[in-house]
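As structure tokens, the structure follows; a few thoughts come after it.
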Amino acid sequence: MATMGPRSLFEKIWDPHAVRELGDGSSLIAIDRIFLHERTGSVALKSLAESGRPVLDPSRVFCTMDHIVDTTPGRGDATRVPGGSAFILETRSAAEAAGIRVFDVRDPLQGIVHVISPELGLVLPGATVVCPDSHTCTQGAMGAFAWGIGSTEAEHALATGTLRIKRPRTMRISVEGRLAPGVTAKDLALHILARYGAAGGRGCAVEYAGGAVRALDMEARMTLCNMATEFSAMTALIAPDETTFSYLRGRRYAPQGALFERAMGVWRALASDPGARFDHEIVFDAGEVSPMVTWGTSPQHAVAIDACVPPVEASGTTPEAHARALQYMGLELGQSLIGLPITGAFIGSCTNSRLSDLRRAAAILRGRKVAHGVRALCVPGSMAVKRAAEAEGLDKVFIEAGFEWRESGCSLCFFAGGESFGPRERVVSSTNRNFESRQGPETRTHIASPETVAASALTGCITDPRDFAAGEV
Amino acid sequence: MEPLRRITAVAAPLLRDNIDTDAIIPSREMRSVSKTGLADGLFAGWRYRTIGGRDADPRFVLNQAPYAGARILLGGENFGCGSSREHAVWALREYGFRVIIAPSFAPIFEGNCVRNGLAPVRLSVETVAALSSQVVLDPQAHRLTVDVEQGVVYSDASEPHPFELDGESRAMLLEGLDAIDLTLKHLADIDAFFAADRTARPWIYPDLAAMDHAS
Numbered sequence: 000m001a002t003m004g005p006r007s008l009f010e011k012i013w014d015p016h017a018v019r020e021l022g023d024g025s026s027l028i029a030i031d032r033i034f035l036h037e038r039t040g041s042v043a044l045k046s047l048a049e050s051g052r053p054v055l056d057p058s059r060v061f062c063t064m065d066h067i068v069d070t071t072p073g074r075g076d077a078t079r080v081p082g083g084s085a086f087i088l089e090t091r092s093a094a095e096a097a098g099i100r101v102f103d104v105r106d107p108l109q110g111i112v113h114v115i116s117p118e119l120g121l122v123l124p125g126a127t128v129v130c131p132d133s134h135t136c137t138q139g140a141m142g143a144f145a146w147g148i149g150s151t152e153a154e155h156a157l158a159t160g161t162l163r164i165k166r167p168r169t170m171r172i173s174v175e176g177r178l179a180p181g182v183t184a185k186d187l188a189l190h191i192l193a194r195y196g197a198a199g200g201r202g203c204a205v206e207y208a209g210g211a212v213r214a215l216d217m218e219a220r221m222t223l224c225n226m227a228t229e230f231s232a233m234t235a236l237i238a239p240d241e242t243t244f245s246y247l248r249g250r251r252y253a254p255q256g257a258l259f260e261r262a263m264g265v266w267r268a269l270a271s272d273p274g275a276r277f278d279h280e281i282v283f284d285a286g287e288v289s290p291m292v293t294w295g296t297s298p299q300h301a302v303a304i305d306a307c308v309p310p311v312e313a314s315g316t317t318p319e320a321h322a323r324a325l326q327y328m329g330l331e332l333g334q335s336l337i338g339l340p341i342t343g344a345f346i347g348s349c350t351n352s353r354l355s356d357l358r359r360a361a362a363i364l365r366g367r368k369v370a371h372g373v374r375a376l377c378v379p380g381s382m383a384v385k386r387a388a389e390a391e392g393l394d395k396v397f398i399e400a401g402f403e404w405r406e407s408g409c410s411l412c413f414f415a416g417g418e419s420f421g422p423r424e425r426v427v428s429s430t431n432r433n434f435e436s437r438q439g440p441e442t443r444t445h446i447a448s449p450e451t452v453a454a455s456a457l458t459g460c461i462t463d464p465r466d467f468a469a470g471e472v
Numbered sequence: 000m001e002p003l004r005r006i007t008a009v010a011a012p013l014l015r016d017n018i019d020t021d022a023i024i025p026s027r028e029m030r031s032v033s034k035t036g037l038a039d040g041l042f043a044g045w046r047y048r049t050i051g052g053r054d055a056d057p058r059f060v061l062n063q064a065p066y067a068g069a070r071i072l073l074g075g076e077n078f079g080c081g082s083s084r085e086h087a088v089w090a091l092r093e094y095g096f097r098v099i100i101a102p103s104f105a106p107i108f109e110g111n112c113v114r115n116g117l118a119p120v121r122l123s124v125e126t127v128a129a130l131s132s133q134v135v136l137d138p139q140a141h142r143l144t145v146d147v148e149q150g151v152v153y154s155d156a157s158e159p160h161p162f163e164l165d166g167e168s169r170a171m172l173l174e175g176l177d178a179i180d181l182t183l184k185h186l187a188d189i190d191a192f193f194a195a196d197r198t199a200r201p202w203i204y205p206d207l208a209a210m211d212h213a214s
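In order, the protein sequences belong to chains A and B. Each step along the first sequence adds one to the number in numbering that gives the first Met the number 0, with nothing skipped, and position 138 is 137. Each step along the second sequence adds one to the number in numbering that gives the first Met the number 0, with nothing skipped, and position 16 is 15.
In structure tokens, the structure reads:
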């Protein structure tokens with residue numbers, strides 16, 4: 000049923016995509032964009048081909064190689080992940096057989112799916128976007144309804160151009176005021192997780208709103224929306240505005256000329272009406288947000304960087320989970336996070352690997368050296384990001400500081416049996432998950448902003464990036 | 000897909016919150032483009048003594064004799080969070096699980112469950128804890144029954160605990176339906192939608208080849 004009265008942004012996208020009602024609050028929703036990658040898209044394509052069903056409209060399906068692909072310079076189809084090249088080869092042949100555009104290993108447009116899809120102008124405001132990848136919510140930053148699905152649902156979307164979905168509940172998180180200098184969208188995402196818990200999003204479509212969100216540039220909005228899945232939300236959305244339109248204008252596959260102007264007329268209406276109703280509303284002031292770092296093994300185990308490991312009652316977790324996380328991380332109650340020695344630093348992933356992320360990290364690294372004993376890597380989110388960074392000389396800043404400078408891909412965001420950080424190694428990472436063994440067997444991951452990763456790499460221990468603000472140190 | 004109407008089986012408690020799909024099936028255990036061959040990798044990081052090894056760690060619940068043949072798993076809040084990998088559900092199913100009982104599920108995982116004959120049953124934290132404390136006394140004796148048709152969980156020693164599933168999920172579990180077949184019955188509606196939409200929102204239907212040529 001179409002919503003009556005004032006409508007939210009989410010409802011303004013949901014209603015016109017409902018092909019038909021299925022009863023019980025479910026609808027058959029038309030899908031505008033399907034993205035696939037070699038890790039989970041491969042099995043969907045293979046299974047669909049085996050069923051003998053064609054892809055309904057391959058011209059709106061796009062595939063990239065990001066998860067398993069090697070990121071060392073000169074890479075090809077070989078990968079250090081055991082059995083990994085089969086994922087690349089099988090995805091390529093299945094996608095090509097289905098007539099799907101592949102941003103392949105050597106394609107200059109290749110990159111992490113959630114980095115290249117907005118970068119190429121493939122994700123548009125008001126569109127429905129799915130990918131068998133949990134971080135598809137990143138695209139909600141464009142004012143799209145974008146969410147992660149399983150491989151079986153991907154197969155359904157490929158075959159029918161639709162998905163059968165129960166209408167999610169809605170939540171609005173309004174962040175008023177302005178983020179303080181040195182506080183980023185990543186810190187805001189971690190603040191929300193620490194404050195409301197990793198289950199706080201309750202399967203909702205979450206709209207991020209308020210002055211502090213409006214003030215974010217597009218790449219920061221993507222970082223914020225990226226971690227909605229860590230919040231157990233179905234997705235996140237931000238109403239499109241002039242920031243969105245100017246980001247999109249002129250992108251390779253975005254509408255051009257008169258068509259762009261016509262589309263913009265429709266997109267301008269994509270904002271929640273005054274009086275729109277949400278199932279949950281959260282409002283807080285951006286001034287409450289500090290640079291954040293995680294101490295445990297869930298993204299909700301986050302604190303202000305100058306805080307200590309919190310007691311159970313302040314941790315939002317059970318005593319068993321708290322004790323288990325501390326044991327895994329090799330930490331003690333009350334211990335300061337600042338000053339913890341690290342041996343790894345990673346800048347990359349669909350959360351924080353875009354040009355603005357690299358620029359902010361490079362500003363801290365410029366003219367300085369990574370501490371002895373720290374292995375530091377920077378993996379740009381796409382080949383386009385890499386080229387743009389190199390055009391500005393950022394590659395030299397990273398390399399001269401002692402960082403490895405890689406080809407684009409998901410890389411060490413997760414351990415798949417190939418490259419990894421070592422057992423019990425402590426790593427500061429601009430990624431989104433600090434689960435047990437996520438970046439390597441028994442590796443201890445602390446999630447933070449790219450600035451915090453850069454600052455920590457220089458000192459060899461967890462460091463407040465504000466210590467490296469212009470003119471200091 | 001194998002329908003699930005009712006099952007009585009040994010239940011294994013794993014009452015940790017935020018059990019993520021990396022823990023259920025580590026990425027390193029996904030070795031081929033396949034929905035099968037995953038059961039050995041289920042909970043590999045907890046189940047085996049070493050990463051990549053197969054030496055059972057006796058501390059892990061599924062390695063303990065009383066839980067042999069478990070088909071029901073009791074979990075904590077936000078079960079199945081993290082990566083969308085459906086391999087987590089395929090691994091649980093291949094191992095033999097038909098039901099996960101937890102206070103809440105991550106949305107993508109929950110959707111993956113019902114499409115693969117694995118029932119995601121939501122009960123309160125207190126109820127899951129009560130069922131668990133009863134089960135651990137003698138798991139083989141205190142088996143649980145999950146009746147998807149009636150929407151209740153019970154044991155020989157407990158009152159029936161009602162749970163809710165939305166209509167579509169319930170139908171998929173009970174009848175083992177193929178969702179694509181169901182949807183393709185509406186193909187005329189789908190075709191009509193996209194035909195009209197091409198006129199209303201032409202920017203959604205780009206000609207990539209022409210744009211490649213232009214750039």
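Glycine included, every Cβ here is placed at the ideal spot set by N, Cα and C.
C-alpha gap between residue i and residue j, whole angstroms
i                      : j                      : result
residue 140 of chain A : residue 146 of chain A : 12 Å
residue 213 of chain B : residue 253 of chain A : 12 Å
residue 112 of chain B : residue 119 of chain B : 6 Å
residue 8 of chain A   : residue 279 of chain A : 15 Å
residue 184 of chain B : residue 125 of chain A : 27 Å
residue 176 of chain A : residue 285 of chain A : 5 Å
residue 503 of chain A : residue 96 of chain B  : Outside the displayed range of chain A (0 to 472) lies residue 503 of chain A, so it cannot be described from this structure.
residue 470 of chain A : residue 363 of chain A : At residue 470 of chain A, the pLDDT of 46 sits below 50, so the modelled position is not reliable; the number obtained from the coordinates is stated separately. Answer to the nearest angstrom: the Cα atoms are 11 Å apart.
residue 200 of chain A : residue 82 of chain A  : 36 Å
residue 230 of chain A : residue 192 of chain A : 6 Å
Below-8 Å beta-carbon distance, residue i vs any chain B residue
i                      : result
residue 36 of chain A  : no
residue 420 of chain A : no
residue 414 of chain A : yes
residue 172 of chain A : no
residue 320 of chain A : yes
residue 122 of chain A : no
residue 217 of chain A : no
residue 409 of chain A : no
residue 95 of chain A  : no
residue 434 of chain A : yes
residue 89 of chain A  : yes
residue 165 of chain A : yes
Reduced DSSP category for residue i - H, G, I as helix; E, B as strand; rest coil
i                      : result
residue 66 of chain A  : coil
residue 368 of chain A : coil
residue 216 of chain B : Residue 216 of chain B lies beyond the residue range present for chain B, which begins at 0 and ends at 214; the question has no answer from this structure.
residue 141 of chain A : helix
residue 463 of chain A : coil
residue 34 of chain B  : coil
residue 144 of chain B : strand
residue 429 of chain A : coil
residue 94 of chain B  : helix
residue 6 of chain B   : strand
residue 7 of chain A   : coil
residue 46 of chain B  : helix
residue 126 of chain B : helix
residue 419 of chain A : coil
residue 443 of chain A : strand
Cutoff 8 Å: residue i Cβ touching any chain A Cβ
i                      : result
residue 34 of chain B  : yes
residue 146 of chain B : no
residue 76 of chain B  : yes
residue 105 of chain B : yes
residue 57 of chain B  : no
residue 137 of chain B : no
residue 183 of chain B : yes
Distance cut-off 7 Å: residue i Cβ against heavy atoms of the ligand MN
i                     : result
residue 30 of chain B : Ligands displayed in this structure: none; no statement on the ligand MN is therefore possible.
Rounded Cβ spacing between residue i and residue j (contact assumed at less than 8 Å)
i                     : j                      : result
residue 18 of chain A : residue 161 of chain A : 6 Å
Residue ranges of each beta strand (DSSP E) within the segment 246-313 of chain A, 3 or longer: 279-284, 291-293, 301-303
Segments of 4+ residues assigned as alpha helix (DSSP H) that fall wholly inside the segment 173-219 of chain A: 184-195, 210-213
Every unbroken alpha helix (DSSP H) inside the segment 19-101 of chain A [4 residues or more]: Annotation: the segment 19-101 of chain A contains the following complete segments of the alpha helix (DSSP H) (minimum length 4 residues), in chain order: 40-50, 83-97.
3 or more residues per run - each beta strand (DSSP E) lying fully within the segment 339-404 of chain A: 343-346, 374-377, 402-404
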